[in-house]
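Asker:
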Amino acid sequence: MESDLEELYRRRQGAFQVMLASVTGSVDSARDVVQEAFVQALRDQNGFRGEGSLEAWVWRIAIRVAIGSNGSRELSVDEVPEVAFVDQKADPTLAAAVRELPPQRRMAIFLRYFADLSYAEIGETLGIAEGTVAATLSQAHRQLGAALSTNEVSANEVMA
636 MESDLEELYR
646 RRQGAFQVML
656 ASVTGSVDSA
666 RDVVQEAFVQ
676 ALRDQNGFRG
686 EGSLEAWVWR
696 IAIRVAIGSN
706 GSRELSVDEV
716 PEVAFVDQKA
726 DPTLAAAVRE
736 LPPQRRMAIF
746 LRYFADLSYA
756 EIGETLGIAE
766 GTVAATLSQA
776 HRQLGAALST
786 NEVSANEVMA
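For reference, each letter of the sequence shown is one residue, going 636 to 795 in the working numbering.
#1: What residues in its chain sit with their C-beta under 6 Å from that of Arg695, if we drop five residues either side in the sequence?
#2: I'd like to check one pair, Val700 with Ala676: are the Cβ atoms closer than 7 Å?
#3: Distance check for Glu637 and Leu729, CA to CA, integer angstroms please.
#4: Taking 7 Å as the threshold (C-beta atoms), are Ala650 and Ala750 in contact?
#5: Tell me whether Ile744 sits in a helix, a strand or coil according to DSSP, three-state version.
#6: Which of helix, strand or coil does DSSP assign to Ala764?
#7: With distances taken from CA atoms, which of Leu783, Leu643, Thr659 is nearest Pro727?
#8: Rounded to whole angstroms, what's the CA-CA distance from Gly766 to Ile757? Just pull it up for me.
#9: Taking C-alpha atoms, which residue in Asp663, Ala691, Pro738 lies nearest to Gln774?
#10: If you measure between the beta carbons of Glu690 and Leu643, is that distance less than 7 Å?
#11: Beta carbon of Thr785, beta carbon of Arg740: below 7 Å?
#12: Along the chain, where does the alpha helix (DSSP H) containing Pro737 start, and where does it finish?
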């Protein structure tokens with residue numbers, strides 16, 4: 636298991652740092668959180684029962700460390716600050732639309748498209764059913780689509 640964690644760290648530390656920098660507000664803090672999460676995972680290898688993916692289990696630890704949870708209670712995505720994983724300068728419209736998403740939708744979008752987790756892994760990470768993940772992502776897609784189409788019309792009117 637130790638080698639699996641080492642491989643996961645090498646392969647995915649960048650994704651962990653992007654997400655956690657958004658949660659902590661600093662790249663340096665995110666690096667510390669990633670390291671602490673992996674250290675906790677190494678120390679508590681017996682806590683991983685193999686019922687889901689190792690990566691989803693480590694995400695759950697990392698998010699708890701990032702929000703300062705002591706790990707003794709369930710993760711509440713409402714506690715997670717804005718996730719700014721969309722570059723404001725590169726796509727300000729998309730960044731604004733993502734900021735408007737409720738915390739659970741924002742987190743689900745990140746975990747699906749940036750952390751590349753499956754619906755089952757997202758459910759495990761957030762402590763929700765796989766069907767709830769599907770519904771949450773669907774709602775997020777609709778909300779983003781509406782926000783982007785509204786902004787596109789506004790942008791087109793301004794440019795005319």
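Don't be surprised by glycine CBs; every beta carbon is placed ideally from N, CA and C.
Answerer: Looking at the coordinates:
#1: Taking Arg695 as the centre and dropping the five residues before and after it, the same chain places the C-beta of Thr760 closer than 6 Å to its C-beta, in chain order.
#2: No, these two residues do not count as a Cβ contact at 7 Å.
#3: Just so you know, the alpha carbons of Leu729 and Glu637 end up roughly 38 Å apart.
#4: Ala650 sits close to Ala750, with the two beta carbons spaced by under 7 Å.
#5: Note: Ile744 maps to helix in three-state DSSP.
#6: DSSP places Ala764 in coil when its eight states are reduced to three.
#7: Residue nearest to Pro727 within the set Leu783, Leu643, Thr659 is Leu783 (criterion: CA-CA distance).
#8: Taking the straight line joining both Cα atoms gives about 11 Å.
#9: Closest option to Gln774, Cα to Cα, is Pro738.
#10: Yes, the pair counts as a contact, with Cβ atoms nearer than the cut-off.
#11: No, Cβ-Cβ distance for Thr785 and Arg740 is not below 7 Å.
#12: Where Pro737 is concerned, there is no enclosing alpha helix (DSSP H), because DSSP gives it neither an H nor an E.
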